[in-house]
Amino acid sequence: QTTVRDGIGEARRSIQALRATPLADLGLSEALRQLCRSYAERLAIDFDCVVDEVGALDPATEQAIYRTAEAALANVEQHAGAAQVG
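Just so we're on the same page, the numbering used here is the position in the sequence shown counted from 1, plus 760.
Right, here's the structure in full:
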C-alpha cells in the first residue's frame with residue numbers, strides 16, 4: 761500500500777508540474793488579473809476583480825493561491841449562472 765500511495769503522490773506531483781501557470785512570467789498579481797479577465801471575456805459577464813500587489817511569496821504559496829482562484833472561478837462558471845461577479 762505504501763508503494764502504491766507513494767506512486768500516486770508522485771503521479772499527482774508530476775501532473776501538477778505539467779499544468780503550466782503564468783506565474784513565472786507575470787507574477788501572482790498580474791496572473792490573477794489575467795485569469796479574471798479571461799473568465800470575464802469567455803463568460804461575457806461583468807467582472808469586478810481587484811488584486812493588490814503582493815510581496816514575494818514562495819512559489820508553492822503562489823501556486824496554491826492561483827489554483828484556489830482558478831477553482832473558484834471554475835465553480836462560478838459551472839454552478840452560478842452569474843451575470844456579474846465581484
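Cβ coordinates follow ideal geometry from the N, Cα and C atoms, glycine included.
Going along the chain, which residues of its own chain have a beta-carbon closer than 7 Å to the beta-carbon of residue i, five neighbours each way excluded?
{"i": "Pro782", "result": "Ala791 and Gln794"}
I need the DSSP call for residue i, collapsed to helix, strand or coil.
{"i": "Asp818", "result": "coil"}
{"i": "Asp766", "result": "helix"}
{"i": "Glu813", "result": "coil"}
{"i": "Thr828", "result": "helix"}
{"i": "Gln761", "result": "coil"}
List the whole-angstrom C-beta distance separating residue i from residue j, where the pair is believed to meet the contact cut-off of C-beta under 8 Å.
{"i": "Leu788", "j": "Tyr826", "result": "7 Å"}
{"i": "Leu803", "j": "Glu837", "result": "6 Å"}
What first and last residue would you give for the alpha helix (DSSP H) that runs through residue i?
{"i": "Asp808", "result": "Element bounds for Asp808: n/a, residue is neither H nor E."}
Can you list, in chain order, the residues of its chain with a C-beta nearer than 8 Å to that of residue i? Leave out the 5 residues immediately preceding and following it.
{"i": "Asn835", "result": "none"}
Take residue i and list the residues in its own chain whose beta-carbon comes closer than 6 Å to its own, dropping the five residues that flank it on each side.
{"i": "Glu855", "result": "With the chain represented from 761 up to 846, any question about residue 855 goes unanswered, as that position is not in the structure."}
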